[in-house]
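In our numbering, the protein residues as written are 34 to 91. We put the CB at the ideal spot given by N, CA and C, even for glycine. The structure presented is a predicted model; accordingly, all values stated were derived computationally and were not measured. Have a look at the structure below before the remarks.
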């Protein structure tokens, strides 16, 4: 498995994120994970789509 690092503005461009809405979207992501059971989760961006996946690590 590999890992890539991006500057926030580069990542925002890749997922078509408007930086004006970034904090609101971040708040929604945090709220989503706060509602989940305790555990480890992985947030993945599909490189071929404009989608983000949430996976629970078992």
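Hey, could you find the ends of the alpha helix (DSSP H) residue i is sitting in?
i          : result
residue 77 : Careful: residue 77 lies outside any alpha helix (DSSP H), inside the beta strand (DSSP E) at 73 to 78.
residue 62 : 55 to 67
Do residue j and residue i come within 7 Å of each other at the CB atom, strictly closer than that value?
i          : j          : result
residue 78 : residue 49 : no
residue 45 : residue 52 : yes
residue 56 : residue 75 : no
residue 85 : residue 73 : no
Could you check what DSSP says for residue i in three-state terms: helix, strand or coil?
i          : result
residue 43 : helix
residue 52 : helix
Just reading off the beta strand (DSSP E) that residue i is part of, what are its end residues?
i          : result
residue 87 : 85 to 90
Leaving out five residues before and five after residue i in sequence, what residues of the same chain have Cβ atoms less than 8 Å from its Cβ?
i          : result
residue 63 : none
residue 39 : 47
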